[in-house]
């Protein structure tokens, strides 16, 4: 009797387990809630205005199951609408076009809207977006819209935390900064590649919430704007790829919370600012520093000084940053020699010093760079023999560019040990004797049909110029 009861209990437990698994599977397959009918109709009206190729699910009864739609699990209200193109701007087949229908204004609980990477054909950013009171994330990056004369519609978005309008034409939008200053909850702002050319001074503006500001790839030509110094809570500031000019203001130390600063590819001049050394939280990446002001506790990964007009001696204080992985100081007016202290950079993977006025021999302490992948030091005045230790010390080196210097002597046979080498440029030096025959054995440099592929390094540099050293038929140009 006890055995039968025991087996009966096991059977009941087994059946309950099956029922539970079945119900769990069913609940996963079906949406937990049914969407609000008026909001479903709003989405259908929005769809009618689109030229679309990828919304086949938008005909079922429950809009909470539609692609890109997320509903509240309790109320059924639509909270998120993500119609970002899954492909980049080079692939047109999956991009929406047409118009952005104002029916979306019926989605009063919407807090996330992403229409990025679409092609709305130069229409104005729809002003009705300002009537979505709960919107926290608005992403319109490269959506094919323009800003028009004013962004005042956005001033009603008191809950907005992130705004991305990168790639939208805001060249005729004169009040963008004033509007941004009126968004009390804004934390992240992306306005990259928006054809902006002016930052107006707003003496009474308050940016108390803004933490991240991206203004890259615009057309600013002024001095470092005073309005930026009101952004005292910034942790990230990216002004790279503009035409800002003149010295960097000493008030840079107002950014007391700054962790990442990018100022490369501008027209800044003068000496490196001292104020940056007082930024106690700056870490991971930095664009300008004077050695005598830098905090030795920095955990720098990236130093990017490229594309400006900075002058002066090459910095000597590299012993303080053993975690540094990338140095980019190309296209400046730096002079002097490379100090032996660079030997402390045991984590370095990429060095780019092209187009400066550096001279002298390469220090032997560079042998410590055993993780180096790329070295570009062309367009300087380096002299002496090409070091033989390069062949043994850089086992992972893929790109070695030494062109347009004053190196002399023979090409060292030790370079043939660089079995990972893909790009080699030794042109326009004073090298003598023949090209080593062992270069024929560098299989990584073999390029089928004399073509030159594009190599992208995971440490942020691209190199797509003419391949100087190619396959066994091309060998090298000296």
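In the UniProt record's numbering, the protein residues as written are 1 to 478. Note that CB positions come from ideal geometry on N, CA and C, so glycine has one too.
1. In the DSSP assignment, the beta strand (DSSP E) including residue 375 goes from what residue to what residue?
2. Pick out whichever of 125, 98 and 159 has its Cα sitting closest to the Cα of residue 119.
3. So, under 8 Å CB-CB, residue 362 and residue 325 are touching, yes? Tell me the CB distance rounded to an integer number of Å.
4. Rounded to whole angstroms, what's the CA-CA distance from residue 406 to residue 384? Just pull it up for me.
5. Determine the burial state of residue 408: buried for a count of at least 16 other Cβ atoms within 10 Å of its Cβ, exposed for fewer.
6. Find the nearest neighbour of residue 146 within the set 127, 123 and 140, judged by alpha-carbon distance.
7. By the 10 Å Cβ neighbour count, where 16 or more other Cβ atoms means buried, how is residue 22 classified, buried or exposed?
8. For residue 167, count neighbouring C-beta atoms within 10 Å of its own C-beta (all shown protein chains included) and say buried if the count is 16 or more, exposed if not.
9. Within a Cβ cutoff of 8 Å, which residues of the same chain sit near residue 201, ignoring the five residues on either side of it in sequence?
10. The alpha helix (DSSP H) with residue 410 in it runs from where to where?
11. Measuring only the C-alpha atoms, how far is residue 267 from residue 404?
12. As an exercise, report each continuous beta strand (DSSP E) stretch of at least 3 residues that is fully enclosed by the segment 335-418, in chain order.
13. What residue does the beta strand (DSSP E) around residue 311 start on, and which one ends it?
14. Beta-carbon within less than 6 Å of residue 164's beta-carbon, same chain only, minus the 5 sequence neighbours each way: which residues are those?
15. Is residue 307 helix, strand or coil when you go by DSSP?
16. Tell me the residue span of the alpha helix (DSSP H) that contains residue 423.
17. Where residue 286 and residue 388 are concerned, what is the direct C-alpha to C-alpha distance, given to the nearest angstrom?
18. Taking the DSSP output, what are the residues bridged to residue 238?
19. Here's the rule I'm using: 16 or more other beta-carbon atoms within 10 Å means buried, otherwise exposed. How should residue 391 be labelled?
20. Just verifying my parser: in three-state terms, what is the DSSP assignment at residue 137?
21. Reducing DSSP to helix, strand and coil, say where residue 245 ends up.
22. Less than 8 Å between the C-beta atoms of residue 301 and residue 264, yes or no?
23. Pull up the CB-CB distance for residue 357 and residue 381, whole angstroms please, since I reckon it's below 8 Å.
24. Which of the three DSSP states is assigned to residue 99 in this structure?
25. Give me, in chain order, the residues of the same chain whose beta-carbon lies closer than 6 Å to that of residue 171; leave out the 5 immediate sequence neighbours on both sides.
26. Assuming residue 411 and residue 386 are in contact, meaning their beta carbons sit under 8 Å apart, how far apart are those beta carbons, in whole angstroms?
27. Give me the residue from 103, 102, 85 and 105 with the minimum Cα distance to residue 96.
28. To the nearest angstrom, how far is it from the Cα of residue 127 to the Cα of residue 133?
29. Residue range of the beta strand (DSSP E) that residue 60 falls in?
Looking at the atomic coordinates:
1. Looking up residue 375 in the chain shown gives position 375. Residue 375 -> beta strand (DSSP E) spans 374-376.
2. Reading the chain shown from its first residue, position 119 is the one you call residue 119. The shortest Cα separation from residue 119 among 125, 98 and 159 belongs to 98.
3. In the chain shown, counting from the first residue as 1, residue 362 sits at position 362. In the chain shown, counting from the first residue as 1, residue 325 sits at position 325. Not confirmed; about 20 Å, so no contact.
4. Residue mapping note: residue 406 aligns to position 406 of the chain shown, counting from 1. Residue mapping note: residue 384 aligns to position 384 of the chain shown, counting from 1. Near 7 Å, if we compare the C-alpha coordinates of residue 384 and residue 406.
5. If you number the chain shown from 1, residue 408 lands on position 408. Around the C-beta of residue 408, fewer than 16 other C-beta atoms lie within 10 Å, and the residue is accordingly described as exposed.
6. For the purposes of this step, residue 146 is identified with residue 146 of the chain shown, where counting begins at 1. Taking residue 146 as reference, the option from 127, 123 and 140 with the minimal CA-CA separation is 123.
7. Translated into positions along the chain shown, residue 22 becomes position 22. The predicted position of residue 22 is uncertain, since its pLDDT is 42 and thus under 50; a value taken from the coordinates is nonetheless stated next. By the 10 Å Cβ count, residue 22 comes out exposed.
8. The residue given as residue 167 occupies position 167 in the chain shown. Counting Cβ neighbours within 10 Å, residue 167 comes out buried, since at least 16 surround it.
9. The sequence position of residue 201 within the chain shown is 201, counting from 1. Here residue 201 has 225, 226 and 227 as same chain residues with Cβ atoms under 8 Å from its own Cβ, once five neighbours each way along the sequence are excluded.
10. For this step, residue 410 is matched to residue 410 along the chain shown. Premise fails: residue 410 lies in the beta strand (DSSP E), 406-410, not in any alpha helix (DSSP H).
11. For the purposes of this step, residue 267 is taken as the residue at position 267 of the chain shown. For the purposes of this step, residue 404 is taken as the residue at position 404 of the chain shown. Straight across, the Cα-Cα distance linking residue 267 with residue 404 is about 24 Å.
12. Fully enclosed beta strand (DSSP E) runs of 3 or longer: 350-352, 357-360, 374-376, 381-385, 399-401 and 406-410.
13. For the purposes of this step, residue 311 is identified with residue 311 of the chain shown, where counting begins at 1. That run of the beta strand (DSSP E) goes 311-313.
14. For the purposes of this step, residue 164 is taken as the residue at position 164 of the chain shown. 139, 141 and 190, listed in sequence order.
15. Working through the chain shown from its first residue, we reach residue 307 at position 307. Of the three classes helix, strand and coil, the one that applies to residue 307 here is coil, per DSSP.
16. Locating residue 423 in the chain shown gives position 423, counting from the first residue. First-last for residue 423: 423-425, but that is the beta strand (DSSP E), not the alpha helix (DSSP H).
17. Taking the first residue of the chain shown as 1, we reach residue 286 at position 286. Taking the first residue of the chain shown as 1, we reach residue 388 at position 388. A caution first: residue 286 carries a pLDDT of 45, below 50, which makes its placement in the model unreliable, though a value can still be read off. Straight across, the Cα-Cα distance linking residue 286 with residue 388 is about 33 Å.
18. For the purposes of this step, residue 238 is taken as residue 238 along the chain shown, with counting starting at 1. Its beta-bridge partners are 214 and 262.
19. Working through the chain shown from its first residue, we reach residue 391 at position 391. A residue is called buried when at least 16 other Cβ atoms come within 10 angstroms of its Cβ; residue 391 meets this threshold and is buried.
20. Position 137 of the chain shown holds residue 137. In this structure, residue 137 counts as strand in the three-state DSSP scheme.
21. Working through the chain shown from its first residue, we reach residue 245 at position 245. Taken through DSSP and simplified to helix, strand or coil, residue 245 comes out as strand.
22. Position 301 of the chain shown, counted from the first residue, corresponds to residue 301. Position 264 of the chain shown, counted from the first residue, corresponds to residue 264. No, they are not a contact pair.
23. To locate residue 357, count along the chain shown from 1; it is residue 357. To locate residue 381, count along the chain shown from 1; it is residue 381. At roughly 6 Å, the Cβ-Cβ gap stays under 8 Å, so residue 357 and residue 381 are in contact.
24. For this step, residue 99 is matched to residue 99 along the chain shown. It is coil, neither helix nor strand.
25. The sequence position of residue 171 within the chain shown is 171, counting from 1. If the five residues before and after residue 171 are omitted, its C-beta is found closer than 6 Å to the C-beta atoms of 195, all from its own chain and listed in chain order.
26. Here residue 411 corresponds to residue number 411 of the chain shown, with the count starting at 1. Here residue 386 corresponds to residue number 386 of the chain shown, with the count starting at 1. Yes, they are in contact, since the Cβ atoms of residue 411 and residue 386 sit about 7 Å apart, within 8 Å.
27. Taking the first residue of the chain shown as position 1, residue 96 is located at position 96. Considering only alpha carbons, the answer is 85.
28. Residue 127 sits at position 127 when you count from the first residue of the chain shown. Residue 133 sits at position 133 when you count from the first residue of the chain shown. Looking at the two C-alpha atoms, the distance is approximately 13 Å.
29. For this step, residue 60 is matched to residue 60 along the chain shown. Element bounds for residue 60: n/a, residue is neither H nor E.
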